[in-house]
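Asks:
What follows is the structure in structure tokens.
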């Protein structure tokens, strides 16, 4: 029969490295290696990707004065602390993608160092080093260590705050506490000025301190320690009062922002949300939701408090050490869910808690490692250590496997504004226009764009009505020959798609491409159209082409052929059909085409009412390399789910020849 017991007490004794010079040297070599690994994973390819929308905001804020930063931050949902730091940082390193992001990379590396320091304070150096390794390779942490935003800094302040809190709570030396208290107050104030999720950290500390106080009050030594406990409690209250006093100048602004900003949570079952959160905390953004059996076992083993019968007074304090990372994670995730904050973009609010999760896992590894059996069989005696080694190896292999997708898989790449601007500028003319829908893209777009064509951010603000936005869009169509629309976040900034609908019904859609979550759409403008040519042309069983209007049929390379089609369905349609417009050379070879659902994808055929007339606009750009000659312009419809299934005309053809297009000499 096997009997198990844990060796050592639940704090430092259990994980203490031998206090030899060789042991200390090996430990510091390991820690330096982990920090170098953290630096390598955060600086690797850090400038390869384009800045995305929010990083554009950081760039513009960093170029302003400190006062202007605060004024602009007051109109946003973030406090100014990160922007102040970034403004000083870029004056040293510049505003390249690397320069802007390097502050976050440095904060990420410091977070790893602070994870070690906190783990060492709570559980010993081995647990601290293991937890630091988990954070160093976690793609959740790495992602925001490579982004010019405040979230890596949020994690760094969270780790620093928890380390100082542990020093303050656990130190028996009053001088150490007095030094830790103002430092903790300053760090907590810095955290509050960095992000409004930082109170998660402070509330976890408050609950942990209440538990600590309860343990001290109920301890057998309370009469001897009462005066010391009162001094420590008074000091804790004072340091939090100092934090609030330091944050007081921004407090009213913060409350106004938090209470009036729109709710952004997604409606999702709590079990699914927790699975995603745990997956991020255990391995990162590239490993999928949920935790593995190994992680679950380590989390459970971490809650086991080893017994040391010779040190009964130390056991409550050892138990409290175990609770610190658990409370950190539980309070942060609980508040996150209770405040209805869950959506993937908001998970970065939990970056500080990911450090607590890493410490929780590392503590579980250490507990398993130190389990001792009373069985003399060698294999059984070493089973806990073997399990701990295999489980830890699995964790690091899984963490390492997530790195390549992070750097190379398009699913984890940022919106590519650099490529968007390059695409626009490759064909841009001075009399073209660029619409940024929504308007918040102006900062990041301006980081890359240096052209002469006018840029119009629309809608111009939350208070601008749909009618004003539509009027501004109509005016742009009237003044310009080609319009490039950069569409991002329209569900929040233009939920009724006023800009896109106006462009789709009054201009002529050319094409659209996705660059991550941003879509670039081109539209040709112009109203110099001849009278409509009447038709009564049946496609399939229900769709009729009533008439069409075509721009002048003699064009030059690079021109846009504009086409307006009027469709009608005799009955309501269940299927989705796409319209194709194709240009064929004299040999019948396809040389240019456009495919889309009607009205620039805004009116799919299943939305058509019986008898409703649909005005459907298209534009086809004549390629620059086509030789001057005569070309055939044909149209038709096909099943959106099966492009090989075209709708057939009465004469058996699957297309209709509209006109002959002549490309003239340039």
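Numbering (the working numbering), first residue to last: 2 to 667. From the three backbone atoms N, C-alpha and C, an ideal C-beta is built for every residue, glycine too.
Report the three-state DSSP secondary structure of residue 617 (helix, strand or coil).
Replies: As a working mapping, residue 617 is identified with position 616 in the chain shown. In the structure shown, residue 617 sits in a strand (DSSP, three-state: E or B).
Asks: Near residue 651, which residues of its chain fall below 7 Å by C-beta distance, leaving aside the five closest residues on each side in sequence?
Replies: Counted from its first residue, the chain shown places residue 651 at position 650. Contacts found: 539.
Asks: Can you grab the Cα-Cα spacing for the pair residue 637 / residue 578, in whole Å?
Replies: Sequence index remark: in the chain shown, residue 637 carries index 636 (1-based). Sequence index remark: in the chain shown, residue 578 carries index 577 (1-based). Cα-Cα distance, rounded: 10 Å.
Asks: As a quick exercise: from 354, 90, 198, pick the residue whose alpha carbon is nearest that of residue 258.
Replies: In the chain shown, residue 258 corresponds to position 257, counting from 1. Closest by alpha carbon: 198.
Asks: Counting C-beta neighbours from all protein chains within 10 Å, is the total for residue 333 16 or more, i.e. buried, or is it exposed?
Replies: Position 332 of the chain shown, counted from the start, is the residue given in the question as residue 333. Burial call: buried.
Asks: List the whole-angstrom C-beta distance separating residue 36 from residue 128, where the pair is believed to meet the contact cut-off of C-beta under 8 Å.
Replies: On the chain shown, position 35 is the one that residue 36 refers to. On the chain shown, position 127 is the one that residue 128 refers to. Incorrect: roughly 17 Å between the Cβ atoms, too far for contact.
Asks: Is the CB-CB distance between residue 97 and residue 415 below 8 Å?
Replies: Here residue 97 is taken as the residue at index 96 of the chain shown, counted from 1. Here residue 415 is taken as the residue at index 414 of the chain shown, counted from 1. In this structure, residue 97 keeps its C-beta atom at 8 Å or more from the C-beta atom of residue 415.
Asks: Return the bridge partner residues of residue 124 from the DSSP annotation.
Replies: Your numbering for residue 124 matches position 123 in the chain shown. Paired residues: none, contrary to the question.
Asks: Which residues in the same chain have their Cβ closer than 6 Å to the Cβ of residue 631, if we skip the five residues on either side of it in sequence?
Replies: On the chain shown, position 630 is the one that residue 631 refers to. Excluding residues within five positions, the ones whose Cβ falls inside 6 Å are 661, 663.
Asks: For the alpha helix (DSSP H) containing residue 492, name the first residue and the last one.
Replies: As a position in the chain shown, residue 492 is number 491, starting the count at 1. Taken as a continuous stretch (DSSP letters only), the alpha helix (DSSP H) holding residue 492 covers 491-494.
Asks: Count the other C-beta atoms from every protein chain shown that fall within 10 angstroms of the C-beta of residue 590, then say buried if there are 16 or more, exposed otherwise.
Replies: Taking the chain shown and counting its residues from 1, the one referred to as residue 590 is at position 589. Label assigned to residue 590: exposed.
Asks: Can you tell me whether residue 414 is helix, strand or coil according to DSSP?
Replies: The residue given as residue 414 occupies position 413 in the chain shown. Residue 414: coil per DSSP, three-state reduction.
Asks: Say whether the region 232-246 touches the region 46-66, bearing in mind that this needs 3 or more beta-carbon pairs closer than 8 Å, one atom from each stretch.
Replies: no
Asks: Output needed for residue 640: all residues of its chain with C-beta closer than 7 Å, excluding positions within five of it in sequence on either side, in chain order.
Replies: In the chain shown, residue 640 corresponds to position 639, counting from 1. So the list reads 576, 578, 646, once near-sequence residues are dropped.
Asks: My parser needs the alpha helix (DSSP H) runs of 4 or more residues fully inside the region 443-519; what are they?
Replies: 443-449, 467-480, 491-494, 499-507
Asks: If the criterion is Cβ atoms closer than 8 Å, does the pair residue 467 and residue 487 meet it?
Replies: Residue mapping note: residue 467 aligns to position 466 of the chain shown, counting from 1. Residue mapping note: residue 487 aligns to position 486 of the chain shown, counting from 1. No, Cβ-Cβ distance for residue 467 and residue 487 is not below 8 Å.
Asks: Do you know whose CA, among 667, 400, 86, 186, lies nearest residue 63's CA?
Replies: Taking the chain shown and counting its residues from 1, the one referred to as residue 63 is at position 62. Cα-wise, what sits closest to residue 63 is 86.
Asks: Can you pull the DSSP bridge partners for residue 596?
Replies: Looking up residue 596 in the chain shown gives position 595. Note: residue 596 sits in a beta bridge opposite 581.
Asks: Does DSSP put residue 305 in a helix, in a strand, or in coil?
Replies: The residue given as residue 305 occupies position 304 in the chain shown. Residue 305 falls in the coil class under three-state DSSP.
Asks: Check the C-beta distance from residue 609 over to residue 574 and give it rounded, since I have them as a contact under 8 Å.
Replies: In the chain shown, residue 609 corresponds to position 608, counting from 1. In the chain shown, residue 574 corresponds to position 573, counting from 1. With a Cβ gap of about 6 Å, residue 609 and residue 574 count as contacting.
Asks: Does the structure place the region 325-340 close enough to the region 353-368 that three or more beta carbon pairs sit under 8 Å?
Replies: Counting Cβ pairs under 8 Å, three or more are found: they touch.
Asks: Could you round the C-beta distance between residue 48 and residue 104 to whole angstroms and report it? I think they count as a contact, below 8 Å.
Replies: Stepping through the chain shown from its first residue, residue 48 is reached at position 47. Stepping through the chain shown from its first residue, residue 104 is reached at position 103. Taking 8 Å as the upper bound for CB-CB distance, residue 48 and residue 104 are not in contact here, some 13 Å apart.
Asks: Is residue 590 helix, strand or coil by DSSP?
Replies: Numbered from its first residue, the chain shown carries residue 590 at position 589. In this structure, residue 590 counts as coil in the three-state DSSP scheme.
Asks: Which residue's Cα is closest to the Cα of residue 599: 583, 618, 557?
Replies: As a first step, residue 599 must be located in the chain shown, where it is residue number 598. Taking only the C-alpha atoms, the option nearest residue 599 is 618.
Asks: Provide the residue(s) that pair with residue 556 in DSSP beta bridges, ordered along the chain.
Replies: The residue you call residue 556 lines up with position 555 of the chain shown. According to DSSP, which records beta bridges pairwise, residue 556 is partnered with 664.
Asks: Can you tell me whether residue 65 is helix, strand or coil according to DSSP?
Replies: By 1-based counting over the chain shown, the position of residue 65 is 64. Of the three classes helix, strand and coil, the one that applies to residue 65 here is coil, per DSSP.
Asks: Using only the alpha-carbon positions, how far apart do residue 295 and residue 284 sit?
Replies: Here residue 295 refers to the residue found at position 294 of the chain shown. Here residue 284 refers to the residue found at position 283 of the chain shown. So the alpha carbons of these two residues sit roughly 12 Å apart.
Asks: Check residue 645 in the structure and name its three-state DSSP category.
Replies: Reading the chain shown from its first residue, position 644 is the one you call residue 645. Of the three classes helix, strand and coil, the one that applies to residue 645 here is strand, per DSSP.
Asks: Give me the Cα-Cα distance between residue 492 and residue 77, rounded to the nearest whole angstrom.
Replies: Taking the first residue of the chain shown as 1, we reach residue 492 at position 491. Taking the first residue of the chain shown as 1, we reach residue 77 at position 76. For residue 492 and residue 77, the distance between alpha carbons rounds to 18 Å.
Asks: Going along the chain, which residues of its own chain have a beta-carbon closer than 7 Å to the beta-carbon of residue 548, five neighbours each way excluded?
Replies: Along the chain shown, one-based indexing puts residue 548 at 547. Correct list, in chain order: 533, 534, 535, 536, 567.
Asks: For residue 270, does the count of other Cβ atoms within 10 angstroms reach 16, so buried, or fall short, so exposed?
Replies: For this step, residue 270 is matched to residue 269 along the chain shown. By the beta-carbon neighbour count (other beta carbons within 10 angstroms, threshold 16), residue 270 is exposed.
Asks: On the CB-based measure, 16 or more other CB atoms within 10 Å of its CB, does residue 430 come out buried or exposed?
Replies: Numbered from its first residue, the chain shown carries residue 430 at position 429. By the 10 Å Cβ count, residue 430 comes out exposed.
Asks: Evaluate the contact criterion for the region 178-195 versus the region 332-352: three or more CB pairs, one atom per stretch, below 8 Å.
Replies: These segments do not touch.
Asks: For residue 277, does the three-state DSSP call read helix, strand or coil?
Replies: Here the question's residue 277 lines up with position 276 in the chain shown. Reduced to three states, the DSSP call for residue 277 is helix.
Asks: Return the CA-CA distance between residue 489 and residue 520, expressed in angstroms with no decimal places.
Replies: Position 488 of the chain shown holds residue 489. Position 519 of the chain shown holds residue 520. Near 7 Å, if we compare the C-alpha coordinates of residue 520 and residue 489.
Asks: When the Cα atoms are used, what is the spatial distance from residue 58 to residue 141?
Replies: Residue numbering aside, residue 58 sits at position 57 when the chain shown is read from its first letter. Residue numbering aside, residue 141 sits at position 140 when the chain shown is read from its first letter. Cα to Cα, the separation comes out at about 22 Å.
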